[in-house]
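J.:
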Amino acid sequence: MAYEVNGTTVEHDEEGYITNLSEWTPELAEVIAKAEDIEMDDERWEVVNFLREYYDEYQIAPAVRVLIKAVKKTMGPEKGNNKYMYELFPYGPAKQACKIAGLPKPTGCV
498 MAYEVNGTTV EHDEEGYITN LSEWTPELAE VIAKAEDIEM DDERWEVVNF
548 LREYYDEYQI APAVRVLIKA VKKTMGPEKG NNKYMYELFP YGPAKQACKI
598 AGLPKPTGCV
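Residues are numbered in the working numbering as their position in the sequence shown, beginning at 1, plus a constant of 497.
In structure tokens form, the structure reads like this:
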């Protein structure tokens with residue numbers, strides 16, 4: 498299975514997570530988001546970029562509780578809460594946002 502981006506094929510697993518993290522691009526993020534019925538906007542990009550920085554630092558994709566706690570610490574309580582994050586990523590902030598960010602499936606997600 499693969500995503501098509503500007504004539505390039507990027508492989509993904511059966512759940513849509515890309516298999517080679519180094520192939521991620523912002524254009525690919527848009528393609529994945531569209532497949533997830535997500536319209537990327539500044540708020541969603543903020544979370545996706547936060548996740549990529551988090552992964553660079555800790556080498557792990559955070560589960561939803563860890564993600565929300567980290568966002569709250571960095572961006573404040575108005576963004577670091579379940580309601581806000583589920584409005585942005587209705588099928589699971591950690592799972593959907595990590596997929597769009599080109600990261601592995603978060604630890605602890607089924």
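Note that the Cβ used here is the ideal one computed from N, Cα and C, for glycine as well.
Return the chain-ordered ranges of every beta strand (DSSP E) run that is complete within the segment 498 to 584 and spans a minimum of 3 residues.
T.: If we require 3 residues or more, the beta strand (DSSP E) runs fully inside the segment 498 to 584 come out as 499 to 502 and 505 to 508.
J.: Where does alanine 594 fall in DSSP's three states?
T.: One-based indexing of the sequence shown puts residue 594 at position 97. Residue state, collapsed to three classes: helix.
J.: Closest by CA to methionine 582, which one among Asn503, Met537, Ala530 and Val561?
T.: Taking the sequence shown and counting its residues from 1, one reaches residue 582 at position 85. Checked all of Asn503, Met537, Ala530 and Val561; the closest Cα to methionine 582 is Val561.
J.: Beta carbon of alanine 591, beta carbon of valine 544: below 8 Å?
T.: The residue you call residue 591 lines up with position 94 of the sequence shown. The residue you call residue 544 lines up with position 47 of the sequence shown. No. Outside cutoff.
J.: When we look at the beta-carbon of tyrosine 551 and count the other beta-carbons within 10 Å, is it buried (16 or more) or exposed?
T.: Within the sequence shown, numbered from 1, the residue matching residue 551 stands at position 54. So tyrosine 551 counts as buried.
J.: Is it true that the segment 503 to 523 meets the segment 597 to 604, where meeting means three or more beta-carbon pairs spaced less than 8 Å apart?
T.: They touch, by the three-pair rule.
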